[in-house]
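*Asks:* Questions regarding the structure given below will be posed in turn.
Given below as structure tokens:
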């Protein structure tokens, strides 16, 4: 028996077990009727209990025994869906990626007088006319839209800023696979446009693929690289996956539901609803998180399409997509080394290159890895490519000869993470590299927590201690207790935030009512909330 036959055997077995588990929730009709024999349905109710036996009935009377039925027929469309689904050897594990807020939607009436029901109906009708999704008014969708408008304005303005970078990439890949361009909004529901987002079960990236699914579709996942976090490659994979789901269901709403909960759950919902094929007609038979999934998607689409009418002001993105380009890496290099060569910050490079888990771009035979840079930095890098690679290789070779575990123990420092810390700040403070800190401590991501202890090996511990005694940047204090910093030439929100531990860029924006990133020398910035 070859591998494919074994796979199908196991797959059908898992489906059978799943259906058997569903039926165990229903009690016996009588001694001769087993739990697995009872056809499950919401219209069955308890009629009476005789001698401890539960008798069920529906609208037309007592439920018959399975053996008494002349024939049992499955729903033809659902059978076709299953047949197509069984032909696809891809993993049904994308169901656990939706935000908790989506699964907890209660669809209560939201008081939001700025948007009347009539206006919403008219706008949804216009939106429905220009998209293949079923954007039809219903009270549940109205509740979600008004909930988002009322309670998540700041969130959406930040996401709109990020979309200026990601959406052009998404649209190009979607168009190549004949996917509706509005599908780009799915990445917002899945990951909030965070390429390094990871669910509690390990689904990763903008489109939240599980490890097995990513590998099966050709995404490289290794100790150095996770292409589930690559904006272009993961979007290509999502487009392929969604196109297959559409081939199965012939409906984009159902394809969305299947992306979240798996095609098997959608075909079950079609059966349990009596053969309905419209998402809104089977929604009550879908898992709770999937029931909120499509409304959240449609609400997000509405807010983006009518952002101007609702007065949304998009945050300025760190980069626009057209401002960046890629070059193929010819030799192993770290993002720290690229930062030194281009005068970019490590955080900017991490944003542009999220798929490199340890901030190291490897060179592997028969594989191509790319570095994304602002166009203004591409020329500098290419012009000095030979020099940059030579210096990088010399530094990496030198590091290889003396790993931390073999160096003198007196050079080791233990650092305890404080509020406001990040790896970039700690690396600059101790004159080491972010990639070193991650390697020394076995970190696979940039996430650190308050109180966490990090092992550090500064190249010059004495000099580091002297650096730590450098006085804090000068500020003035107002009568209300607020600290005020005067902007100097060359300052940025990022550089200022690094001078004051515990202060983030967003803090500076909020405290000083700044929407963009432009600063002028002499500006007075509040450094505390006051």
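In mature numbering (1 follows the signal peptide of the UniProt record, and there is no 0), the protein residues as written are -20 to -1, 1 to 510.
Yeah, the Cβ is synthetic: ideal placement off N, Cα and C, and Gly gets one too.
(1) Could you check if residue 362 is buried or exposed, using at least 16 other CB atoms within 10 Å of its CB as the buried criterion?
(2) Three Cβ pairs or more, each shorter than 8 Å: is that satisfied between the segment 191 to 205 and the segment 224 to 232?
(3) Mind checking which residues open and close the alpha helix (DSSP H) that includes residue 259?
(4) Out of 479, 469, 471 and 433, which has the shortest C-alpha to C-alpha gap to residue 463?
(5) Helix, strand or coil: how does DSSP classify residue 6 here?
(6) Give me the Cα-Cα distance between residue 165 and residue 90, rounded to the nearest whole angstrom.
(7) Report buried or exposed for residue 242, applying the criterion of at least 16 other Cβ atoms within 10 angstroms of its Cβ.
(8) Can you check DSSP and say which residues form a bridge with residue 313?
(9) Which class does residue 354 belong to by DSSP, given the choice of helix, strand or coil?
(10) Going by DSSP, what residues sit across from residue 396 in a beta bridge?
(11) Enumerated in chain order, which unbroken segments of the alpha helix (DSSP H) with a length of 4 residues or greater are wholly contained in the segment 124 to 183?
(12) When you compare only the Cα positions, how much space is there between residue 486 and residue 473?
(13) Tell me the residue span of the beta strand (DSSP E) that contains residue 504.
(14) Closer than 7 Å by C-beta to residue 277: which residues in its own chain qualify, once you throw out the five before and the five after it? Chain order, please.
(15) Where do the N-terminal and C-terminal ends of the beta strand (DSSP E) with residue 465 fall, by residue?
(16) If you run the structure through DSSP and keep just helix, strand and coil, what is residue 323?
(17) Mapping DSSP to helix, strand and coil, what is residue 115?
(18) Quick one, are the C-beta atoms of residue 467 and residue 429 less than 9 Å apart?
(19) May I ask you to report which of helix, strand or coil DSSP gives residue 110?
(20) Which of the three DSSP states, helix, strand or coil, is assigned to residue 458?
(21) Between which two residues does the alpha helix (DSSP H) carrying residue 417 extend?
(22) Report the residue from 348, 328 and 377 whose alpha carbon sits nearest the alpha carbon of residue 475.
(23) First and last residue of the beta strand (DSSP E) that includes residue 210?
(24) Going by DSSP in three states, residue 520 sits in which element: helix, strand or coil?
(25) Rounded to whole angstroms, what's the CA-CA distance from residue 209 to residue 335? Just pull it up for me.
(26) Grouping DSSP H, G and I as helix and E and B as strand, with all else coil, what is residue 246?
(27) Under a three-way DSSP split, which group does residue 299 fall into?
(28) Report the CB separation of residue 306 from residue 338 in whole angstroms; it is logged as a contact under 8 Å.
*Replies:* Quick look at the numbers:
(1) exposed
(2) No, the segment 191 to 205 does not touch the segment 224 to 232.
(3) 259 to 262 is the span of the alpha helix (DSSP H), which, as asked, contains residue 259.
(4) 479
(5) Reliability of the predicted coordinates at residue 6 is poor, the pLDDT of 34 falling under 50, and the value obtained from them is presented with this limitation in mind. DSSP places residue 6 in coil when its eight states are reduced to three.
(6) The straight-line gap from Cα to Cα measures roughly 23 Å.
(7) buried
(8) 341
(9) strand
(10) In DSSP, residue 396 forms a bridge with 433.
(11) 133 to 156 and 166 to 171
(12) 9 Å
(13) 504 to 506
(14) Once the five neighbours on either side are set aside, the close Cβ partners of residue 277 are 165, 166, 169 and 236.
(15) 463 to 466
(16) coil
(17) coil
(18) no
(19) coil
(20) coil
(21) 414 to 420
(22) 328
(23) Taken as a continuous stretch (DSSP letters only), residue 210 belongs to no beta strand (DSSP E), as it is neither H nor E.
(24) The structure shown does not extend to residue 520, since the chain spans only -20 to 510, so no value can be given for it.
(25) Taking the straight line from one Cα to the other gives about 5 Å.
(26) helix
(27) For residue 299, the secondary structure class from DSSP, reduced to helix, strand or coil, is coil.
(28) Wrong, their Cβ atoms sit about 20 Å apart, outside the cutoff.
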